[in-house]
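**Student:** First the structure, then my questions, so here it is.
Number of protein chains: 2
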Amino acid sequence: MKIQSVKGTRDFYPPLMAVRNFIADGWKEASRRNGFEEYDGPIFEYLKMYQVKSGDEIVEQLFNFTDRGQRHLAIRPEITPTLARMVNQQINALPRPIKWFSVPRLCRAERPQKGRLREFFQWNIDIIGVDDVLADAEVIYTSIDYLRSLGLTSRDIKAKISSRKLLAGFLINLGIPEGQLDTIYPILDKKTKLPEAVFDEMLAKVISHKRTAAAIKEFMEFKDLSNISDYLLEVIRNSDEGTEAEEELERLLDLLETMGVGDYCVFDPGIVRGLAYYTGVVFEIHDAVGDLRAVCGGGRYDNLLKDFGGPAVSGTGMGMGDCVLEILLREKGLLKDGQIATLQIDNFVAYTDMELQKDAISIAAKLREKGEATDISYKSGSLKKQLKQASNAGAKKCIILSKEFIEDKKLIVKDMGTGEQELINADTF
Amino acid sequence: MKIQSVKGTRDFYPPLMAVRNFIADGWKEASRRNGFEEYDGPIFEYLKMYQVKSGDEIVEQLFNFTDRGQRHLAIRPEITPTLARMVNQQINALPRPIKWFSVPRLCRAERPQKGRLREFFQWNIDIIGVDDVLADAEVIYTSIDYLRSLGLTSRDIKAKISSRKLLAGFLINLGIPEGQLDTIYPILDKKTKLPEAVFDEMLAKVISHKRTAAAIKEFMEFKDLSNISDYLLEVIRNSDEGTEAEEELERLLDLLETMGVGDYCVFDPGIVRGLAYYTGVVFEIHDAVGDLRAVCGGGRYDNLLKDFGGPAVSGTGMGMGDCVLEILLREKGLLKDGQIATLQIDNFVAYTDMELQKDAISIAAKLREKGEATDISYKSGSLKKQLKQASNAGAKKCIILSKEFIEDKKLIVKDMGTGEQELINADTF
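Just so you know, the protein sequences line up as chains R and D, in that order. The first sequence begins at 250 in the working numbering and counts up by one. The second sequence begins at 250 in the working numbering and counts up by one.
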């Protein structure tokens, strides 16, 4: 019986696993470097958890099922709801600020395409309990810090920053009812992802007034807060919310400058994010060329804990998937096939005669017990073949039992880098 | 809305995550030390994949679902079928022996109880393409090597070793039809896990002949191949299979002795394993007291690749879950609450006045850019409180901006271990 893997999933053979580890190890290192602690939740949760506040797009993409106890469950499509649940459960015991990271495996039942698979890994960092945009700056800084550590410069990537609060203030001042905002955000989020005509049509369905629709588009295309039209500025500033958002964005950009990553950051009101739970700063990091999906995205969610039955404690966070990142790194020549070794052992033990096998096994075991990564040939076979095996395993040394061992209990130690050989006494081990 | 986690799953808050990482990192290290390369597969596969050869127990425990494309899928309850699928797909390209390991997240819809959860992590190591029991010895050695590295001695744990081939030869010679064996194995596997009367009743349902049932029980209770009754020995040796299995077991125990772990190993024909795919050596490692479930188990599967549509290439492997292991380590005092730090940073940056915040942020960013793990207070607040935060984060040093900075651009560097303080020039950074 021949069985295939499921479309949109990946088989991590050792070379691809090495790439996955390279990415995940970098995420973990950047998290620790910036003071985040690791957490994780279960791979499945109650289905209703994702129906609370994630937005329709994610709910449509759930792999859900009913277990024998008639529980309605779903494989996690994101970890933020789990984070909100976990933090709420221990909110009084956890010292604040809560700075947590995770590298969850996530699944979404969407059509596989470039940079989007049905199963992927995502780096998440969150800071909970800090109202100040300094926390947003920390999240954006940490994301850039990681990407910079891979060799991506401010010419390669840009963090595009805006604010849901700014957008909300603007839309409400344009006369759009507050209750309609959650429906409009996912549409605006599509602006840069769809052809203009398709986007216009989608927008017209929710905003029938043409001048309003045009003002929204004009707003989203501005790139500089100091160069915005008087009309738009007036609309923004015509509310405490808009004024507050503008001040927050200015402080945020100033903080990122102080942190030394100002050249990576731009204000871009075209950034909306699709998820329903954002309330403040939102951002996405894109490749500067801009033909890929966002490398990462995130923002502030001031009501999420409350929506999940907890107290009104605010948070801000970021998610970065592995798929787009891997494509970007390969495009930039920062990740090449075979660049990362699947195995790097210290010693490979070879032997030219089956009667030497037992001694070879004993020597290999002694090296392993000393903590040295050691592999051994399972057959005597030709020495050439065994040396090739040693080389494939990335062995630093090949230890050979041959006639010198039979005659004098001496081992040949071959340096696999230089090719140099020396004879040593077997009782050294 | 208050939502709970699903019964039988775990929330990995940072202290528990640190324990999970401690276990998984040790697994990865032991794998590399013994020459295994890492692989992984998807979290879900086609349901039918688990119906091929896993045995009824696992199939009953599947979390399965149907996706929008009407595919019947299941969350993986084990990774061995995925391994067989992946190896088959690239069998001609992969150099042999294939020595692979994985640390998959697995889910089984069973009733949660001590050492058994519905979601867990399992270390898997497999050697494919080596018929010799030397490969079985390597697998058992690697399992012991890991457990030994944690501080578990041969007085704490025992690897109990037997052979499906030996058992099959014995049962067939007793007159049991070969086609019935797959039904009998999971029952025999329960012998040590159930009260004797319950086991006898289960056995009687498949073996009606009382003397045969008694002979099976007698066989399973022998502990020494050299001390087995003449009658049983005759039954074993009355087939090539039985004789071969006996020789293999003798060579296996001898190899383990050569590897220096003989004192951890015992022959125990009571070991059967529940899964249907084992064909040769089978083993389990138990705590010596024996009141826990097996810490790990595995064995040889000579037909699995073929059953999955591939060539007749044999394999042998082991799986070790994290739940029983964690209980054992805690019982032995080898793992204590708070023993593993959730965070260990190099520097914590504190400041006594909000006007110093920007300088503090700049210094923290410079330290991070140098690769030093650094966290920073998000408020000026009391120095005592900030020092507590530094201590909670496991900081080695606390860098304090206070009046010395305002007056002379000097920083206080406090060694968090010794408590010693020194003044340095801020432009050092």
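Note that the Cβ used here is the ideal one computed from N, Cα and C, for glycine as well. Bear in mind the structure is a predicted one, so any value in this text is a computation, not a measurement.
In chain R, which residues lie with their C-beta within 8 Å of the C-beta of residue 388(D)?
**Tutor:** In the second sequence, counting from the first residue as 1, residue 388(D) sits at position 139. Ordered by position in chain R, no residue passes the 8 Å Cβ test against residue 388(D), which lies about 12 Å from the chain.
**Student:** What does residue 358(D) touch in chain R if you count any residue whose Cβ is under 9 Å from its own?
**Tutor:** Reading the second sequence from its first residue, position 109 is the one you call residue 358(D). Here the neighbours are 316, 317 and 318.
**Student:** Below 8 Å, how does it come out for the region 513-525 of chain R and the region 421-434 of chain R: are there three or more Cβ pairs, yes or no?
**Tutor:** Enough Cβ pairs lie closer than 8 Å, so yes.
**Student:** For residue 337(R), count neighbouring C-beta atoms within 10 Å of its own C-beta (all shown protein chains included) and say buried if the count is 16 or more, exposed if not.
**Tutor:** Position 88 of the first sequence, counting from 1, holds the residue named residue 337(R). Its Cβ being crowded by 16 or more others within 10 Å, residue 337(R) is buried.
**Student:** Is residue 283(D) buried or exposed, if buried means 16 or more other CB atoms sit within 10 Å of its CB?
**Tutor:** One-based indexing of the second sequence puts residue 283(D) at position 34. Flag for residue 283(D) reads buried.
**Student:** Give the secondary structure of residue 370(D) by DSSP, where H, G and I count as helix, E and B as strand, and everything else as coil.
**Tutor:** Numbered from 1 along the second sequence, position 121 holds the residue referred to as residue 370(D). Strand, per DSSP.
**Student:** Using beta-carbon positions only, say whether residue 462(R) and residue 456(R) come within less than 7 Å of one another.
**Tutor:** On the first sequence, position 213 is the one that residue 462(R) refers to. On the first sequence, position 207 is the one that residue 456(R) refers to. Yes, the pair counts as a contact, with Cβ atoms nearer than the cut-off.
**Student:** Can you tell which of 529(D), 557(D) and 541(D) has the C-alpha that lies nearest to the C-alpha of residue 550(D)?
**Tutor:** As a working mapping, residue 550(D) is identified with position 301 in the second sequence. Of the listed residues, the one whose Cα sits closest to residue 550(D) is 529(D).
**Student:** For residue 507(R), which three-state DSSP category applies?
**Tutor:** Numbered from 1 along the first sequence, position 258 holds the residue referred to as residue 507(R). Residue 507(R) falls in the helix class under three-state DSSP.
**Student:** Could you list which residues in chain R have their beta carbon closer than 7 Å to that of residue 373(D), in chain order?
**Tutor:** Locating residue 373(D) in the second sequence gives position 124, where the first residue counts as 1. Simply none; closest approach about 13 Å.
**Student:** For residue 554(R) and residue 629(D), what's the separation of their Cα atoms in angstroms?
**Tutor:** Residue numbering aside, residue 554(R) sits at position 305 when the first sequence is read from its first letter. Residue numbering aside, residue 629(D) sits at position 380 when the second sequence is read from its first letter. Distance between the alpha carbons of residue 554(R) and residue 629(D) is about 26 Å.
**Student:** Given that residue 292(D) touches chain R, what residues does it touch there, using C-beta distances under 9 Å?
**Tutor:** As a working note, residue 292(D) is residue 43 in the second sequence. The answer, in chain order, is 258, 292, 324, 354, 356 and 368.
**Student:** Please identify the residue among 643(D), 502(D) and 421(D) whose C-alpha is closest to the C-alpha of residue 481(D).
**Tutor:** Residue 481(D) sits at position 232 when you count from the first residue of the second sequence. Ranking the options by Cα distance to residue 481(D), first place goes to 421(D).
**Student:** Does the distance from the CB of residue 285(D) to the CB of residue 348(D) come in under 7 Å?
**Tutor:** For this step, residue 285(D) is matched to residue 36 along the second sequence. For this step, residue 348(D) is matched to residue 99 along the second sequence. Result yes, Cβ atoms of residue 285(D) and residue 348(D) sit closer than 7 Å.
**Student:** Taking 8 Å as the threshold, find out whether the region 622-636 of chain D comes into contact with the region 573-581 of chain D through three or more Cβ pairs.
**Tutor:** The region 622-636 of chain D, when compared against the region 573-581 of chain D, does not touch it at the 8 Å Cβ threshold.
**Student:** Cβ closer than 8 Å: which chain R residues qualify as neighbours of residue 268(D)?
**Tutor:** As a first step, residue 268(D) is located in the second sequence; it is residue number 19 there, counting from the start. Per Cβ cutoff of 8 Å: no residues; residue 268(D) is ~11 Å from chain R at best.
**Student:** Going by DSSP, what residue range makes up the alpha helix (DSSP H) through residue 611(R)?
**Tutor:** As a first step, residue 611(R) is located in the first sequence; it is residue number 362 there, counting from the start. 606-618 is the span of the alpha helix (DSSP H), which, as asked, contains residue 611(R).
**Student:** Can you list the alpha helix (DSSP H) stretches of 4 or more residues lying completely in the region 476-530 of chain R, in chain order?
**Tutor:** Entirely contained in the region 476-530 of chain R, the alpha helix (DSSP H) runs reaching 4 residues are, in chain order, 479-486 and 489-507.
**Student:** So is residue 444(D) buried or exposed if we call it buried at 16+ other beta carbons inside 10 Å?
**Tutor:** One-based indexing of the second sequence puts residue 444(D) at position 195. When all chains shown are included, residue 444(D) counts as exposed.
**Student:** Skipping 5 residues on each side, what residues in its chain have a beta carbon closer than 6 Å to that of residue 561(D)?
**Tutor:** In the second sequence, residue 561(D) corresponds to position 312, counting from 1. Once the five neighbours on either side are set aside, the close Cβ partners of residue 561(D) are 555.
**Student:** Using 10 angstroms around the beta-carbon of residue 404(R), count the other beta-carbons present and answer buried if the total reaches 16, otherwise exposed.
**Tutor:** Mapped onto the first sequence, residue 404(R) falls at position 155. Residue 404(R) is exposed by the Cβ-count criterion.
**Student:** With a cut-off of 7 Å, does the C-beta of residue 263(D) fall near any C-beta of chain R?
**Tutor:** If you number the second sequence from 1, residue 263(D) lands on position 14. Yes - at least one Cβ of chain R is within 7 Å of the one on residue 263(D).
**Student:** Can you find a CB in chain D that lies within less than 7 Å of the CB of residue 434(R)?
**Tutor:** Mapped onto the first sequence, residue 434(R) falls at position 185. No, no contact with chain D.
**Student:** Could you tell me the distance, in whole angstroms, from the CA atom of residue 635(D) to the CA atom of residue 599(D)?
**Tutor:** Here residue 635(D) refers to the residue found at position 386 when the second sequence is read from its first residue. Here residue 599(D) refers to the residue found at position 350 when the second sequence is read from its first residue. Cα to Cα, the separation comes out at about 6 Å.
**Student:** Mind checking whether residue 261(D) and residue 408(D) have CB atoms under 7 Å apart?
**Tutor:** Stepping through the second sequence from its first residue, residue 261(D) is reached at position 12. Stepping through the second sequence from its first residue, residue 408(D) is reached at position 159. For residue 261(D) and residue 408(D), no; Cβs fall outside 7 Å.
**Student:** By the three-class DSSP mapping on this structure, what secondary structure does residue 393(D) have?
**Tutor:** In the second sequence, counting from the first residue as 1, residue 393(D) sits at position 144. Of the three classes helix, strand and coil, the one that applies to residue 393(D) here is helix, per DSSP.
**Student:** Secondary structure at residue 451(R), three-state DSSP: helix, strand or coil?
**Tutor:** Looking up residue 451(R) in the first sequence gives position 202. Helix at residue 451(R).
**Student:** Measure from the C-beta of residue 617(R) to each C-beta in chain D and report whether the shortest distance is under 7 Å.
**Tutor:** Counted from its first residue, the first sequence places residue 617(R) at position 368. So yes, residue 617(R) belongs to the interface.
**Student:** What residues in its chain sit with their C-beta under 7 Å from that of residue 451(D), if we drop five residues either side in the sequence?
**Tutor:** Residue 451(D) sits at position 202 when you count from the first residue of the second sequence. Only 436 and 439 meet the Cβ criterion.
**Student:** Taking the beta carbon of residue 535(D) as the centre, do at least 16 other beta carbons fall within 10 Å, making it buried, or is it exposed?
**Tutor:** Translated into positions along the second sequence, residue 535(D) becomes position 286. Counting Cβ neighbours within 10 Å, residue 535(D) comes out buried, since at least 16 surround it.
**Student:** Thinking C-beta only, is residue 352(R) closer than 7 Å to residue 374(R)?
**Tutor:** Here residue 374(R) corresponds to residue number 125 of the first sequence, with the count starting at 1. Here residue 352(R) corresponds to residue number 103 of the first sequence, with the count starting at 1. Contact: no.
**Student:** Of the residues that make up the region 395-415 of chain R, which ones have a beta carbon closer than 7 Å to any beta carbon in chain D?
**Tutor:** The region 395-415 of chain R vs chain D, Cβ under 7 Å: nothing.
**Student:** On the premise that residue 385(R) lies in contact with residue 501(R), defined as a C-beta separation below 8 Å, what is that separation, rounded to the nearest angstrom?
**Tutor:** Numbered from its first residue, the first sequence carries residue 501(R) at position 252. Numbered from its first residue, the first sequence carries residue 385(R) at position 136. Correct: roughly 6 Å between the Cβ atoms.
**Student:** Please say whether residue 326(D) and residue 355(D) have beta carbons closer to each other than 7 Å?
**Tutor:** Position 106 of the second sequence holds residue 355(D). Position 77 of the second sequence holds residue 326(D). Yes, they are a contact pair.
**Student:** Answer with buried or exposed for residue 484(R), where buried requires no fewer than 16 other C-beta atoms within 10 angstroms of its C-beta.
**Tutor:** Position 235 of the first sequence, counted from the first residue, corresponds to residue 484(R). By the neighbour-count rule (16 or more Cβ atoms within 10 Å), residue 484(R) is buried.
**Student:** Could you tell me which of 253(D), 251(D), 266(D) and 322(D) sits nearest to residue 587(D), measuring between CA atoms?
**Tutor:** Counting from 1 along the second sequence, the entry for residue 587(D) is found at position 338. Of 253(D), 251(D), 266(D) and 322(D), the residue nearest in Cα terms is 266(D).
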